[in-house]
Amino acid sequence: MNTQQQSAPEIVSLSSVTGCIVFDLPGASISAGGTRLAPDVTPAEVALLARAMTYKHAALGSQIGGAKAGVVGDPANRPDRADRMARYCAEIRPLTDSGRFLTGPDMGTFEEDFAPLRQHRAAPAAISATVDGVPFEDMLTGYGVAVAAQTALGGEWPGHSVAIEGFGKVGGGVAAEVTRRGGRVVAVSTIRGCLADPAGLDVGRLLDLRRQHGDACVEHYGRPAAVPAALFATEADVLVPGTRPGVISQAVAEALPASVKVVAPAANVPYTRAGADVLHRRGIAALPDFVCNAGAVIGYRSAADATPDQVLAAAGATIAGRIGAVLDHPGGPLAGACERAAAFLGGWWGPAPEPPFAA
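In structure tokens:
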């Protein structure tokens, strides 16, 4: 057990770009978490995401501290993104080469952005693979979310529907995997609007439109697009929050349709405490975000020569096992997963920091 004095997270300001790295467990020999690129990312958001990573590593049984980096920039501006990420990678390379900070893609970034860091610590070959024309990194997290939801649904997707907030690389991966398993995608949203069809959307067509138009894909499908928040009013069995922290507030949780049985987050820290309490009171299974979206972390820990199928099988088995173990917890699966992660942290680090909830 770590006997050092527990302290607040360490915030390291970046000098080459505007942004920061947050180490949630200062003093941990290894800390890991993705790098987010967004025009409005803040140290407070990065700290919250770093806490989620601490719980994610604990849920997976790894003695690794949570960390996260946030770089201010527009991911849609490719030349600017390339320049910012090159400067960022050069600055943090001493941290990554030493193993103190391990990082990879998050919102707004891609595995290719981290090529300068892979010369010393290569990612498993599967991470850079392309499967059926889709980058493997895009499908891995979404695959895990679909598996988690299926576990909570009793083991089957056929006959069930999903509404996905944030039809980006992870949301697209969720949609593709749900469809492959026989489920129905009835709504997706981007910052440009919400597209819904109770009979089920054509996911393949939507993915093609996303490649052509980005977030505006919902405007080119041929059905009217409502405001993005309309997604939370869509009749569906499963809701997948997939954007920024705190979207499942008390008000949103209270207003969700009665059809919603499961919330399976693709994004980190989607719940406020009040929102999670409302879901539990309503009998909606609030699945732990730090387990549902752990596919990429599991993937980066795979053997260097593991095939994409082997990585997916390992991620699916791990996530299904962790979700299945907490479904019957009296406080709900989110409470059960937080309890288990805190117990693991207590065994190697010391008193666990508070679970990750948005304000």
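Read left to right, the sequence shown gives residues 2 to 360 (this note's numbering). Backbone N, C-alpha and C fix where the C-beta goes; we use that ideal spot for every residue, glycine too.
DSSP, read as helix, strand or coil, puts Ala304 in coil. The three-state secondary structure of Arg119, taken from DSSP, is coil. Rounded to the nearest whole angstrom, the CA to CA distance from Arg206 to Ala217 is 13 angstroms.
With contacts defined as CB atoms closer than 9 angstroms, Phe115 and Thr19 fail to qualify as a contacting pair. At a cut-off of 4 residues, the continuous stretches assigned as alpha helix (DSSP H) that sit fully inside the stretch 183-220 are 204-214. For a cut-off of 8 angstroms, the C-beta gap from Ala286 to Leu328 is around 7 angstroms, short enough to register as a contact. Counting along the chain, the unbroken beta strand (DSSP E) around Lys69 starts and ends at 66-73. Beta-bridge pairing by DSSP links Glu11 to Phe24. Comparing C-alpha distances from Asp198 to each of Glu178, Ile192, Gly223, Gly215 shows the shortest one belongs to Gly223. When DSSP states are grouped into helix, strand and coil, Arg224 belongs to the coil group. Checking the DSSP bridge columns, you'll see Tyr89 has no partner listed. Following the DSSP letters along the chain, one finds Leu240 inside the beta strand (DSSP E) bounded by residues 239-241. In this structure, Val175 is the residue among Val175, Ser162, Glu92 with its C-alpha nearest to the C-alpha of Phe137. When His281, Ala231, Val312, Asp133 are compared, the shortest CA-CA separation from Gly167 is found for Ala231. If you draw a straight line from the Cα of Ala265 to the Cα of Gly109, it comes to about 21 angstroms. By the neighbour-count definition (other C-beta atoms within 10 Å, threshold 16), Thr273 is a buried residue.
The beta carbon of Val248 sits closer than 6 angstroms to those of Pro242, Pro271, all from its chain and outside the five residues before and after it, given in chain order. Cβ-Cβ separation between Gln151 and Arg182: approximately 7 angstroms, consistent with a contact (criterion under 8 angstroms). When DSSP states are grouped into helix, strand and coil, Arg52 belongs to the helix group. One alpha carbon belongs to Ala304, the other to Ile22, and they sit about 27 angstroms apart. Comparing alpha carbon positions, the residue from Ala83, Glu220, Pro125 closest to Ile192 is Glu220.
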